[in-house]
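Chemist: Protein chains in written order, with our numbering: chain A, 636 to 778; chain B, 9 to 99; chain C, 35 to 688.
All C-beta atoms in this analysis are idealised placements derived from N, C-alpha and C, irrespective of residue type, glycine included.
Keep in mind the model is a prediction, meaning the values are calculated, not measured.
Handing you this structure, nothing more for now.
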């Protein structure tokens, strides 16, 4: 067996997998495989029909949970000064609350963003500023 | 007091470790400890070769090596072992 | 043991580190044995001061000294004792110190173990390890010091507390295990680097690093599996692997390390692939550092990442430094790395190993591609594109299946060349069984990858069993042993080989579990007490809702009665909705948490999440998932660990 044949084989394997990886990159089979990340402003200015992702903060006091079905909720996503009305109807992550940093994925239609994915980024609570808790009742938590 | 407490505690391990580190500098020039090391690595090599021979036999018995290769490789390994044994004896 | 002392210890370690490198460099020039001894002792000193600093930080965490910023940020008075200790690796600066701590353990072991061994190699081994220590010491001394005092214009009465997600035993041991793996590869790398410097191509050092590599590999594997287990038990999305950048960061060095473990066998036995092995170990070590960088820098958005920090550029420079230094050195040593022998045939064990290596590296590249795709697309096209799990699954499934197939084919091939007679003898049975299983799985109604994956699992298992059978038969005939003692002797005389086969079996189990993912079902719904809901032939009845106050949280508990389609009782599930820090007057400081309940059987898991509660109407909002075969993944993990331990078990020097 000549060494040449092995070199050819290695090149072959690399070429086939290279082709495969780039093919999947251009034609992902699942619409959730890739999503473009846009800002709220970009979304407002362009008409985007694709599934997209957005990031921002949950506006304080904007979370409204449906009376009839607690799974459904809507809130306002803030990114800088832009705001976006978001509807979400699935199980919410534990860290989802006022001021939380979230990433939503879904589709935009007529002023409403219908999210099918809602992720919270690491809780500011644990990386945030220290608390002034001179008023905090220590004995209460120690028991 | 504060400073003494903060730095005093760390000073003790620091001083001890410095003594430990510079101690060799006061030794007379060290003889090269190669010879005993050479013996050891030769012995390890011998053990390794013995193991390789056993593995080779196993592979042959299972049928992972053909007859011709087996005999050739076995002879090669045995030659290496005897060379090492000779070296070990000469010392 | 004040925090100031901790800071001083870190500075001293840094100073000792510089001295170590300096002394040993002089030693390599003048060969004065005294200097070598001094260098060794200095290196031990570096580790000693790092141990000291780590103990001081742990002590501060235990006594809750909130004057230290790190202690105030990651613990609070009510944090349970064990999590006060695990807070050591919960935050950025602490985890970097912890990295150093583990590296120092390994460095100390390496130095002590090799005091009278590998005399030529040791100076550069120590230099490489110390340079790595110095890098992390720069970070902990000057960039993110764990002993930084608290800066607040008020007295910090209580700390922020540890994230409840991290208050979990698995989460307490997952990072250390992973770190032991990451850090473990610095030792084989140091040996390889030193061998390059010394132009040493003997198989002796390869022998010694094979064990180290295997230990590091074992820890890395366990760390990855524990991470998956934790995600599955705690995160509540019903899966164990999300192709998150940080998960990928641990998977990539695992792939190259696995390739390395296979290809050093060839170098040991046949003295081939010298250059390739160097490339693999350098890549593995670089990927470990890169992985730490991805985890700790916040460059990638990920569940693991900390908020953005200044670590990025420094880490990247170190990664480039390692790559340039090692590949540059490798280039200058190309002549020594030419292997005297060549692979002779496609149908040889050697070529099987070569194939397996190529596929591992290709898989690693695919994962790297997907992980960096958002960064690349933003740089080139200006649009930020995020890549999700389906992308990775689509790319990696066929590659993974090829690897699985090779797991079965490789061990059946003979060294150098498999004659056609031998090929027929060894492959007939596994291939027949492979085709039978394809047909039967198709008849059951499975499709696509599922059929291929299950059939390959059967194929590989058959191949492994037949290897065991052949070995036992040989011993029985040759040594007249009983079946039992033939098995035991065969394994104990060829530990790495049969240990390896057992690891392969573990991988097969895991693939069965991965394939089960294709049959996942899930449903989100609300239930009033007494109502029922159906999913995949199971009936779920909400029996009652109760509440309970516990030491560090408040919990609402729902009781779900699960029956199968025949009305037979299966189990009761008790998913909980908890609120941590429930006594905190500031509502925003309170932390809700869904504690899942999972019923696990060999063929499926029933996974329940209590997402929210309507107290007035007594309605629970639940998410139920049926995840088939998940348990096989964990069983595969146990088998993998068991097999690796067999391969690692030391042999008596006969």
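Let me check understanding here. Comparing Cα to Cα, which of 432/C, 101/C and 556/C lies closest to residue 188/C?
Modeler: 101/C
Chemist: Pull up the distance between the alpha-carbon of residue 723/A and that of residue 493/C, whole angstroms please.
Modeler: 46 Å
Chemist: Once the 5 residues before and after residue 111/C are set aside, which same chain residues still bring their CB inside 7 Å of it?
Modeler: 98 and 192
Chemist: Please list the partners that residue 62/B has in chain C, where partner means a Cβ-to-Cβ separation under 9 Å.
Modeler: 527 and 528
Chemist: Please check the pair residue 169/C and residue 705/A, which I expect to be a contact at CB under 8 Å, by giving their CB distance rounded to whole angstroms.
Modeler: Not really, about 50 Å apart at Cβ, beyond 8 Å.
Chemist: DSSP on residue 370/C, reduced to helix/strand/coil?
Modeler: coil
Chemist: Can you name, in chain order, every residue of its own chain whose Cβ lies under 8 Å from the Cβ of residue 179/C, other than the five neighbours on each side?
Modeler: 41, 44 and 127
Chemist: Which residues, taken in chain order from the stretch 224-236 of chain C, show a beta carbon closer than 7 Å to some beta carbon of chain B?
Modeler: none
Chemist: Going along chain B, which residues have a C-beta under 7 Å from residue 36/C?
Modeler: 13 and 14
Chemist: For chain C, is any of its Cβ atoms less than 7 Å away from the one on residue 68/B?
Modeler: no
Chemist: Determine which residues of the stretch 137-154 of chain C have a Cβ less than 9 Å from any Cβ of chain B, and write them out in chain order.
Modeler: 150, 151, 152 and 153
Chemist: If you follow the beta strand (DSSP E) that residue 590/C is in, where does it begin and where does it stop?
Modeler: 587-597
Chemist: To which residues does DSSP link residue 60/B through a beta bridge?
Modeler: Looking at the DSSP assignment, residue 60/B forms no beta bridge with any residue, so it has no partner.
Chemist: Give a yes or no on contact between the stretch 252-260 of chain C and the stretch 642-659 of chain C, applying the rule of three or more CB pairs nearer than 8 Å.
Modeler: no
Chemist: For residue 771/A, which residues of its own chain have a beta-carbon under 7 Å away from its beta-carbon, when the five flanking residues on both sides are left out?
Modeler: Caution applies to residue 771/A, whose pLDDT of 37 falls short of 50 and renders its modelled position unreliable; the value that the coordinates give is listed next. Excluding sequence positions up to five before and after residue 771/A, its CB lies less than 7 Å from no other CB in the same chain.
Chemist: Which same chain residues end up closer than 6 Å to residue 505/C when comparing Cβ atoms and leaving out the 5 residues on each side of it in sequence?
Modeler: 524
Chemist: Could you round the C-beta distance between residue 321/C and residue 364/C to whole angstroms and report it? I think they count as a contact, below 8 Å.
Modeler: That belief does not hold up - the Cβ atoms of residue 321/C and residue 364/C are roughly 16 Å apart, past 8 Å.
Chemist: Figure out for me which residue from 381/C, 542/C and 251/C has the closest Cα to the Cα of residue 455/C.
Modeler: 381/C
Chemist: Can you check whether the C-beta of residue 77/B is within less than 7 Å of a C-beta belonging to chain C?
Modeler: With respect to chain C, the C-beta atom of residue 77/B has a partner C-beta closer than 7 Å.
Chemist: Mapping the DSSP letters down to three states, classify residue 95/B as helix, strand or coil.
Modeler: DSSP places residue 95/B in helix when its eight states are reduced to three.
Chemist: Mark residue 197/C as exposed unless 16 or more other C-beta atoms lie within 10 angstroms of its C-beta, in which case mark it buried.
Modeler: buried
Chemist: With DSSP as the reference, please indicate the residues paired to residue 740/A in a beta bridge.
Modeler: 688/A and 752/A
Chemist: In terms of alpha-carbon separation, which member of 651/A, 663/A, 654/A and 728/A lies closest to residue 690/C?
Modeler: The displayed coordinates of chain C run from 35 to 688. Any statement about residue 690/C would go beyond what the structure contains.
Chemist: Given a cut-off of 7 Å, decide if residue 75/C and residue 100/B are closer than it, judged by their beta-carbon atoms.
Modeler: One cannot answer for residue 100/B here, as it falls past the ends of chain B, which runs 9 to 99.
Chemist: Using 7 Å as the threshold, is the C-beta distance between residue 50/C and residue 73/C below it?
Modeler: Taking the C-beta atoms as reference points, residue 73/C is found no nearer than 7 Å to residue 50/C.
Chemist: My understanding is that residue 533/C touches residue 680/C, with C-beta atoms under 8 Å, so please give their C-beta distance in whole angstroms.
Modeler: 4 Å
Chemist: Closest Cβ-Cβ distance between residue 89/B and chain C: below 7 Å?
Modeler: no
Chemist: Could you give the DSSP three-state label for residue 557/C: helix, strand or coil?
Modeler: strand
Chemist: Please confirm whether residue 619/C and residue 638/C have their CB atoms less than 7 Å apart.
Modeler: For the pair residue 619/C and residue 638/C, the CB atoms are not nearer than the 7 Å cut-off.
Chemist: Pairs of beta-carbons, one from the stretch 493-502 of chain C and one from the stretch 463-478 of chain C, closer than 8 Å: are there three or more?
Modeler: The stretch 493-502 of chain C makes contact with the stretch 463-478 of chain C; the number of CB pairs closer than 8 Å reaches 3 or more.
Chemist: Output needed in chain order: residues of the stretch 46-59 of chain C with a Cβ under 7 Å from some Cβ in chain A.
Modeler: none
Chemist: Return yes when the C-beta of residue 237/C is under 6 Å from any heavy atom of the ligand MG, and no when it is not.
Modeler: As far as ligands go, the structure on display features none, and thus does not contain the ligand MG.
Chemist: With respect to the alpha helix (DSSP H) encompassing residue 501/C, which residues constitute its N-terminal and C-terminal limits?
Modeler: 482-513
Chemist: Any chance you could list the alpha helix (DSSP H) runs of at least 4 consecutive residues sitting entirely within the stretch 214-271 of chain C, in chain order?
Modeler: You should have 220-232 and 237-264.
Chemist: Taking only runs of the alpha helix (DSSP H) that begin and end inside the stretch 352-416 of chain C, which ones reach a length of at least 4 residues, in chain order?
Modeler: 383-414
Chemist: Alpha carbons only, please: which of 377/C, 384/C, 374/C and 317/C is nearest the one belonging to residue 354/C?
Modeler: 317/C
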